[in-house]
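Chemist: The structure under discussion is supplied below as structure tokens; questions concerning it will follow.
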Amino acid sequence: MPAKKGIEDAPVYSMAHERQVELLSEALLREYMHKRKFTETLRVFDEENPRGSDTITSRALMSDLMALKPETQKSMKNDGVETIMEMLCCLRVQRRMEVEELKRRASAEVPSTPEKTKAKKAKKAKKKKDKQKSLSKESSDKQSNREKGRGVSEFHKFLESSGSSSDGASSRAEDGDGPGSVAGKETNLAGDRLWGDDEGGSQIGGKLAVSLLTALCSSASSLKNYTEQGFSFDQDLEYALVQWKRGPDGIITVVQAFVCAFFFKGSFVDVQRHQRHCLLRSLTTILCGVQPSPHLICLVDGSVTADKPEVGIANMTVLRKFTTTQEIEDTLCPLLEKWMQPKGSGLMCFLLSVMLSAGIEAITSLIGSQGSRLIDSEGRCTVELVRLLLSDESTTSTALDDDDVLGELSIGMGPSGPVCGYIVSDHGVPPSGDNRPPPRHPVWLLHHGDRLAVLFLKRDNRRQLEQRKGAGVTISTDAFFYSPATHGQGEIFLTLTTRRTGDANQHSERSDSFLGNAIHSITLWSDGDIDWNGSEPSF
Numbered sequence: 001m002p003a004k005k006g007i008e009d010a011p012v013y014s015m016a017h018e019r020q021v022e023l024l025s026e027a028l029l030r031e032y033m034h035k036r037k038f039t040e041t042l043r044v045f046d047e048e049n050p051r052g053s054d055t056i057t058s059r060a061l062m063s064d065l066m067a068l069k070p071e072t073q074k075s076m077k078n079d080g081v082e083t084i085m086e087m088l089c090c091l092r093v094q095r096r097m098e099v100e101e102l103k104r105r106a107s108a109e110v111p112s113t114p115e116k117t118k119a120k121k122a123k124k125a126k127k128k129k130d131k132q133k134s135l136s137k138e139s140s141d142k143q144s145n146r147e148k149g150r151g152v153s154e155f156h157k158f159l160e161s162s163g164s165s166s167d168g169a170s171s172r173a174e175d176g177d178g179p180g181s182v183a184g185k186e187t188n189l190a191g192d193r194l195w196g197d198d199e200g201g202s203q204i205g206g207k208l209a210v211s212l213l214t215a216l217c218s219s220a221s222s223l224k225n226y227t228e229q230g231f232s233f234d235q236d237l238e239y240a241l242v243q244w245k246r247g248p249d250g251i252i253t254v255v256q257a258f259v260c261a262f263f264f265k266g267s268f269v270d271v272q273r274h275q276r277h278c279l280l281r282s283l284t285t286i287l288c289g290v291q292p293s294p295h296l297i298c299l300v301d302g303s304v305t306a307d308k309p310e311v312g313i314a315n316m317t318v319l320r321k322f323t324t325t326q327e328i329e330d331t332l333c334p335l336l337e338k339w340m341q342p343k344g345s346g347l348m349c350f351l352l353s354v355m356l357s358a359g360i361e362a363i364t365s366l367i368g369s370q371g372s373r374l375i376d377s378e379g380r381c382t383v384e385l386v387r388l389l390l391s392d393e394s395t396t397s398t399a400l401d402d403d404d405v406l407g408e409l410s411i412g413m414g415p416s417g418p419v420c421g422y423i424v425s426d427h428g429v430p431p432s433g434d435n436r437p438p439p440r441h442p443v444w445l446l447h448h449g450d451r452l453a454v455l456f457l458k459r460d461n462r463r464q465l466e467q468r469k470g471a472g473v474t475i476s477t478d479a480f481f482y483s484p485a486t487h488g489q490g491e492i493f494l495t496l497t498t499r500r501t502g503d504a505n506q507h508s509e510r511s512d513s514f515l516g517n518a519i520h521s522i523t524l525w526s527d528g529d530i531d532w533n534g535s536e537p538s539f
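Now the structure itself:
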């Protein structure tokens with residue numbers, strides 16, 4: 001059914017989520033009993049649940065709240081389904097049957113190849129091989145006959161020509177004009193990012209391991225909580241990463257923000273497969289944001305222990321010289337099995353991959369003054385490390401022309417703007433909004449001292465909220481708050497209410513907490529209300 005004029009002004013849109021559900025449930029029951037002529041039951045229901053000014057009486061409003069499209073309703077009415085409640089039940093059954101069918105197809109065994117077909121293919125391949133062998137022999141015989149006609153003088157000329165060419169190549173290499181010189185120039189241009197020539201990867205080596213550790217931390221003891229941390233998901237919250245010990249918050253939470261950006265886009269059947277896919281996209285997006293050139297991106301594989309980190313890092317294998325982003329994803333995919341081990345070296349492998357991709361010189365320039373590190377003396381991630389991982393944000397906090405960190409992997413609002421927002425407190429100064437474009441996904445990384453968390457929407461309805469706010473409608477939406485460091489507490493549900501644009505008579509009560517000020521620094525809720533539903537975290 002087409003939405004009636006003025007439906008967007010209905011008061012139910014500005015109510016809390018629980019109240020919306022209550023009113024909608026009553027309306028669906030009333031419509032069902034009315035259509036089915038359960039008159040007496042409806043009368044008793046109205047006595048127990050008196051109608052009021054908030055009561056939903058519009059079928060169009062119910063359809064809009066349940067996101068039931070007009071064409072869907074028309075099709076179901078033709079099949080004899082009259083009430084919205086029955087339509088919703090039918091849709092639920094249809095979707096479940098579709099999912100069951102997809103699961104059945106996914107688990108079905110691939111039919112084996114018949115023996116006759118196998119024999120036929122083998123015979124055909126043998127025939128083709130014999131033909132190629134015969135042609136090769138004929139070509140070899142002809143070449144041998146031609147060689148027999150050549151004189152000894154020709155052979156000596158060939159040797160002399162080869163010798164002079166070899167001498168020339170040798171002299172050019174010594175003068176710096178040969179291939180060796182080109183390789184040297186390429187190595188100088190790439191700095192410390194390129195080493196080794198093996199296609200299967202090469203070891204980092206002791207010298208580079210020392211350079212990495214010097215930029216990373218001042219003491220090996222600071223890495224204790226980093227060497228036994230992988231990218232593992234929580235059993236209860238499907239999207240949530242788990243952090244075992246405090247310290248690597250700045251790495252795990254940044255990756256968590258990217259996972260939240262991708263996790264709620266579209267539906268999925270296999271949870272574990274979807275988790276791996278979102279993690280793969282997140283890690284690849286971060287790496288390509290740190291180093292836009294695929295040729296200079298490095299992937300590290302191996303294990304490292306806290307007692308002798310320099311030895312473990314030196315023996316780690318590095319894969320590099322990729323040509324495309326897809327090649328990076330294809331290489332990273334099998335590595336995830338190791339990186340996702342709960343208490344493995346996955347986090348260290350990723351961190352070293354980021355550092356090698358950026359380059360030691362770039363890392364040194366980022367941390368600035370002598371004695372500074374990416375991890376402080378207490379084992380906590382510094383703001384510089386967080387900004388490095390956030391790609392676009394790592395260059396400047398007020399950039400207006402930040403490019404997409406990974407165009408072919410991004411989904412959401414458009415090609416511009418960072419993947420997620422970043423709100424950080426600076427030496428006790430309350431956070432405030434900046435001039436950067438809004439994030440492509442409704443995800444914001446909150447950073448206060450050594451604590452990090454993710455604020456996000458599971459459904460990106462920001463455009464709808466802006467439109468209704470501009471139309472003078474006060475509207476509430478559900479938001480979620482999660483911190484991997486406190487995964488035992490689960491996610492926290494909060495309600496954010498927008499206020500009418502230009503409404504000078506109403507001002508939200510400002511919070512003294514970092515979280516309240518951080519949320520108010522987001523333009524959409526700059527003058528809105530925050531309801532933590534009784535569970536505001538201490539941050």
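For the sequence shown, the UniProt record's numbering begins at 1 and goes up steadily by one. Glycine residues also receive a C-beta, built at the ideal position from the N, C-alpha and C atoms.
1) Between the Cα of serine 377 and those of Glu40, Leu223, Thr325, spot the shortest distance and give me the residue it belongs to.
2) Specify, as a first and last residue, the run of the alpha helix (DSSP H) that phenylalanine 514 falls within.
3) At the level of alpha carbons, what is the spacing between glutamate 71 and leucine 91?
4) Taking its Cβ as the centre, do 16 or more other Cβ atoms sit within 10 Å of glycine 379, making it buried, or is it exposed?
5) Okay, do the region 73-80 and the region 233-252 touch, 3+ Cβ pairs below 8 Å being the bar?
6) Span of the beta strand (DSSP E) holding leucine 496?
7) Grab the span of the alpha helix (DSSP H) containing tyrosine 32 for me, first residue to last.
8) Would you say cysteine 420 and alanine 518 are within 8 Å of each other, going by their C-beta atoms?
9) Taking C-alpha atoms, which residue in Glu101, Ser282, Asp79, Cys349 lies nearest to histidine 441?
10) Less than 8 Å between the C-beta atoms of phenylalanine 480 and glutamate 491, yes or no?
11) Assign glycine 534 to buried or exposed, taking buried as 16 or more other Cβ atoms, counted over all protein chains shown, within 10 Å of its Cβ.
12) Return helix, strand or coil for valine 210, following the three-state DSSP convention.
13) Could you spell out the range, first to last residue, of the alpha helix (DSSP H) harbouring leucine 332?
14) Quick check for students: name the residue ranges of the alpha helix (DSSP H) that lie wholly in the region 220-292, counting only runs of 4 or more.
15) Tell whether a beta-carbon distance below 8 Å holds between leucine 446 and leucine 457.
16) Can you give the Cα-Cα distance for proline 11 and proline 50, rounded to whole angstroms?
17) Would you kindly check if the distance between the Cβ of glycine 302 and the Cβ of serine 232 is under 8 Å?
18) Given serine 357, which residues of its chain have a CB within under 8 Å of its CB, disregarding the five upstream and five downstream residues?
19) Between the region 252-260 and the region 334-343, do three or more beta carbon pairs fall short of 8 Å?
20) Histidine 507 to aspartate 527, Cα distance in whole Å?
21) With distances taken from CA atoms, which of Phe350, Gly417, Cys333 is nearest leucine 385?
22) Here's the rule: buried if 16 or more other CB atoms are within 10 angstroms of the residue's CB, otherwise exposed. What is leucine 515?
23) Please determine, among Glu31, Met62, Tyr32, Leu388, the residue with the shortest C-alpha to C-alpha distance to valine 21.
24) Could you tell me which whole alpha helix (DSSP H) segments of length 4 or greater appear in the region 49-137?
25) Give the straight-line distance between the Cα atoms of arginine 36 and glutamate 82, rounded to the nearest whole angstrom.
26) Using the C-alpha atoms, what's the distance from leucine 524 back to methionine 87?
27) Alpha carbons only, please: which of Ser538, Gln464, Gly449 is nearest the one belonging to glutamine 489?
28) Which two residues bound the contiguous alpha helix (DSSP H) that contains serine 353?
29) Straight-line CA distance for arginine 451 to glutamine 243?
30) On the DSSP letters alone, give me the boundaries of the alpha helix (DSSP H) that glycine 312 sits inside.
31) Taking its Cβ as the centre, do 16 or more other Cβ atoms sit within 10 Å of histidine 520, making it buried, or is it exposed?
32) Could you tell me whether the Cβ atoms of leucine 374 and threonine 382 are closer together than 8 Å?
33) Should leucine 28 go down as buried or exposed, given a rule of 16 or more other Cβ atoms within 10 Å for buried?
34) Does the beta-carbon distance from valine 318 to valine 304 come in below 8 Å?
35) For glycine 470, report the span of its alpha helix (DSSP H) as first-last.
36) Measure the Cβ-Cβ separation of methionine 66 and isoleucine 204 and say whether it is below 8 Å.
Modeler: Answer, in terms of the structure:
1) The count along the sequence shown starts at 1 and reaches residue 377 at position 377. Of the listed residues, the one whose Cα sits closest to serine 377 is Leu223.
2) Working through the sequence shown from its first residue, we reach residue 514 at position 514. Element bounds for phenylalanine 514: 514-520.
3) In the sequence shown, residue 71 corresponds to position 71, counting from 1. In the sequence shown, residue 91 corresponds to position 91, counting from 1. The alpha-carbon atoms of glutamate 71 and leucine 91 are separated by roughly 13 Å.
4) Locating residue 379 in the sequence shown gives position 379, where the first residue counts as 1. The residue in question, glycine 379, is buried, as its Cβ has 16 or more Cβ neighbours within 10 Å.
5) no
6) Residue numbering aside, residue 496 sits at position 496 when the sequence shown is read from its first letter. Counting along the chain, the beta strand (DSSP E) containing leucine 496 begins and ends at 492-498.
7) Counting from one through the sequence shown, the residue named residue 32 turns up at place 32. Segment 17-35, the alpha helix (DSSP H) holding tyrosine 32.
8) Locating residue 420 in the sequence shown gives position 420, counting from the first residue. Locating residue 518 in the sequence shown gives position 518, counting from the first residue. No, the pair does not count as a contact, with Cβ atoms beyond the cut-off.
9) By 1-based counting over the sequence shown, the position of residue 441 is 441. Of the listed residues, the one whose Cα sits closest to histidine 441 is Ser282.
10) What you label residue 480 is simply residue 480 of the sequence shown in a count that begins at 1. What you label residue 491 is simply residue 491 of the sequence shown in a count that begins at 1. Yes, the Cβ-Cβ distance between phenylalanine 480 and glutamate 491 is below 8 Å.
11) The residue labelled residue 534 in the question sits at position 534 within the sequence shown. Flag for glycine 534 reads exposed.
12) For the purposes of this step, residue 210 is identified with residue 210 of the sequence shown, where counting begins at 1. Residue state, collapsed to three classes: helix.
13) The count along the sequence shown starts at 1 and reaches residue 332 at position 332. Leucine 332 -> alpha helix (DSSP H) spans 325-339.
14) 249-263, 271-290
15) Locating residue 446 in the sequence shown gives position 446, where the first residue counts as 1. Locating residue 457 in the sequence shown gives position 457, where the first residue counts as 1. Not in contact: leucine 446 and leucine 457 (Cβ atoms no closer than 8 Å).
16) In the sequence shown, residue 11 corresponds to position 11, counting from 1. In the sequence shown, residue 50 corresponds to position 50, counting from 1. About 18 Å.
17) For the purposes of this step, residue 232 is taken as the residue at position 232 of the sequence shown. For the purposes of this step, residue 302 is taken as the residue at position 302 of the sequence shown. Not in contact: serine 232 and glycine 302 (Cβ atoms no closer than 8 Å).
18) Locating residue 357 in the sequence shown gives position 357, counting from the first residue. Answer for serine 357: Arg193, Leu287, Val290, Gln291, Leu296, Ile297, Cys298, listed in chain order.
19) no
20) Position 507 of the sequence shown holds residue 507. Position 527 of the sequence shown holds residue 527. Here histidine 507 scores only 44 on pLDDT, less than 50, and its place in the model should not be relied on; the value that follows carries that caveat. If you take the alpha carbons of histidine 507 and aspartate 527, they lie about 6 Å apart.
21) For the purposes of this step, residue 385 is identified with residue 385 of the sequence shown, where counting begins at 1. When only C-alpha atoms are compared, the closest one is Phe350.
22) The count along the sequence shown starts at 1 and reaches residue 515 at position 515. The residue is buried, with at least 16 neighbouring Cβ atoms inside 10 Å.
23) The count along the sequence shown starts at 1 and reaches residue 21 at position 21. Ranking the options by Cα distance to valine 21, first place goes to Met62.
24) 59-65, 70-78, 84-107
25) For the purposes of this step, residue 36 is taken as residue 36 along the sequence shown, with counting starting at 1. For the purposes of this step, residue 82 is taken as residue 82 along the sequence shown, with counting starting at 1. Their Cα atoms are separated by approximately 9 Å.
26) Residue mapping note: residue 87 aligns to position 87 of the sequence shown, counting from 1. Residue mapping note: residue 524 aligns to position 524 of the sequence shown, counting from 1. So the two alpha carbons sit approximately 35 Å from each other.
27) In the sequence shown, residue 489 corresponds to position 489, counting from 1. Ranking Ser538, Gln464, Gly449 by Cα distance to glutamine 489 puts Ser538 first.
28) The residue labelled residue 353 in the question sits at position 353 within the sequence shown. Counting along the chain, the alpha helix (DSSP H) containing serine 353 begins and ends at 346-358.
29) Residue numbering aside, residue 451 sits at position 451 when the sequence shown is read from its first letter. Residue numbering aside, residue 243 sits at position 243 when the sequence shown is read from its first letter. Cα-Cα distance, rounded: 13 Å.
30) Locating residue 312 in the sequence shown gives position 312, where the first residue counts as 1. 309-314 is the extent of the alpha helix (DSSP H) around glycine 312.
31) The residue you call residue 520 lines up with position 520 of the sequence shown. Classification for histidine 520: buried.
32) Taking the sequence shown and counting its residues from 1, one reaches residue 374 at position 374. Taking the sequence shown and counting its residues from 1, one reaches residue 382 at position 382. Yes.
33) As a position in the sequence shown, residue 28 is number 28, starting the count at 1. Leucine 28 should be labelled buried.
34) Residue numbering aside, residue 318 sits at position 318 when the sequence shown is read from its first letter. Residue numbering aside, residue 304 sits at position 304 when the sequence shown is read from its first letter. No, the Cβ-Cβ distance between valine 318 and valine 304 is not below 8 Å.
35) Sequence index remark: in the sequence shown, residue 470 carries index 470 (1-based). Segment 462-470, the alpha helix (DSSP H) holding glycine 470.
36) Here residue 66 corresponds to residue number 66 of the sequence shown, with the count starting at 1. Here residue 204 corresponds to residue number 204 of the sequence shown, with the count starting at 1. No.
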